[in-house]
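Residue numbers (this note's numbering), protein chains in the order written: chain A, 1 to 114; chain B, 115 to 228.
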C-alpha cells in the first residue's frame with residue numbers, strides 16, 4: 001500500500017536558522033512527490049514537486065527539497081527560517097499507474113521562534 | 115488569474131440534514147478533486163472529476179456524492195449528516211490529469227454538524 005510518513009508532529013526552529021521537515025514515502029514504482037503548506041483557516045498552497053531529474057528541487061518562498069531514492073525520503077529544507085514560515089506542512093505522493101489522488105502525510109507543524 | 119473558489123466558507127448544519135458545497139476551479143482547469151480534512155484522519159480523498167466524469171472515488175459512504183458541470187464547476191453533496199462529517203472540505207483543481215501536475219486548492223468550506 002502507498003503511504004507517506006511525516007515522523008515529526010512539530011518542529012521548532014529559531015529564526016535565521018536552517019530548517020528541515022522530514023518526509024518518507026512508500027510507493028510502487030517511481031513516485032511523484034509534492035510539498036504543500038497550510039496557514040490557519042486556509043487551503044493548501046503548493047510549494048514544490050519532484051517528478052524526475054535533479055534530486056534537489058527548488059520551490060516557492062526559498063524552500064527546497066531533496067529527493068533520496070535509496071532512503072525513500074523527500075525532506076523539505078530552507079537555509080534561513082522566517083517567523084512567517086510558521087505553518088502546517090504536508091508531504092504528498094502520487095504513484096504512476098494508480099489513481100490521481102494525493103496520498104498525504106499527517107502534517108508537520110513548523111514553529112519559527114523570533 | 116483567480117484561484118479556486120469555494121462557497122460557502124462556513125456552514126453549520128443539524129444532524130440528519132443534507133448539504134451542498136460548491137467549487138469553482140481555476141479558469142481552464144478541467145480536473146477537480148475533493149478532500150476532507152479532520153484533526154483525527156488528516157487529509158482524505160473524496161472524489162476526482164475530469165470533464166464531467168468521476169474518475170476516482172475515495173473510501174467514503176454513499177452519503178457523499180459529487181458532480182461536475184460542463185464549465186468544470188463542481189459540487190459535492192452530503193446527505194443525512196452525522197456529527198463525524200464535521201470537517202474542512204477542500205477542493206483542488208489541476209490543469210491536466212498528469213501525475214506530475216500540481217493541484218491548486220481553495221480555502222475550503224468548514225462544515226460543522228451539530
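The beta carbon of each residue, even a glycine, is placed where N, CA and C say it ideally should be.
Any idea which residues DSSP pairs residue 223 (chain B) with across the strands? Taking the first residue of the second chain as position 1, residue 223 (chain B) is located at position 109. Per DSSP, B:203.
Beta-carbon gap between residue 12 (chain A) and residue 113 (chain A) smaller than 8 Å: Locating residue 12 (chain A) in the first chain gives position 12, counting from the first residue. Locating residue 113 (chain A) in the first chain gives position 113, counting from the first residue. Yes; because the gap between Cβ atoms is below 8 Å, this pair is in contact.
By the three-class DSSP mapping on this structure, what secondary structure does residue 83 (chain A) have? As a first step, residue 83 (chain A) is located in the first chain; it is residue number 83 there, counting from the start. Helix, per DSSP.
According to a CB-to-CB cut-off of less than 8 Å, which residues of the region 139-162 of chain B neighbour chain A? 145, 147, 149, 156, 157, 159 and 162
Give me the residue from B:117, B:174 and B:167 with the minimum Cα distance to residue 199 (chain B). The sequence position of residue 199 (chain B) within the second chain is 85, counting from 1. Of the listed residues, the one whose Cα sits closest to residue 199 (chain B) is B:174.
Whose CA, out of A:54, A:16, A:25 and A:8, lies closest to the CA of residue 104 (chain A)? Indexing the first chain from 1 puts residue 104 (chain A) at position 104. Here the closest residue by C-alpha is A:25.
When Cβ atoms are compared, which residues of the region 193-223 of chain B fall closer than 9 Å to chain A? 202, 204, 205, 206, 208, 211, 212, 213, 214, 215, 216, 217, 218, 219, 220, 221 and 222
Closer than 8 Å, Cβ to Cβ, to anything on chain A: give me those residues from the region 172-184 of chain B, in chain order. 172
Residues bridged to residue 23 (chain A) [DSSP beta-bridge criterion]: Residue mapping note: residue 23 (chain A) aligns to position 23 of the first chain, counting from 1. The partner list for residue 23 (chain A) (beta bridge, DSSP) is empty, contrary to what the question assumes.
Using a Cβ-Cβ cut-off of 8 Å, state whether residue 109 (chain A) counts as contacting chain B. By 1-based counting over the first chain, the position of residue 109 (chain A) is 109. Cβ-Cβ to chain B under 8 Å: no for residue 109 (chain A).
Could you name each continuous beta strand (DSSP E) segment of 3 residues or more that falls completely within the region 159-190 of chain B, going from the start of the chain to the end? 167-171 and 178-182
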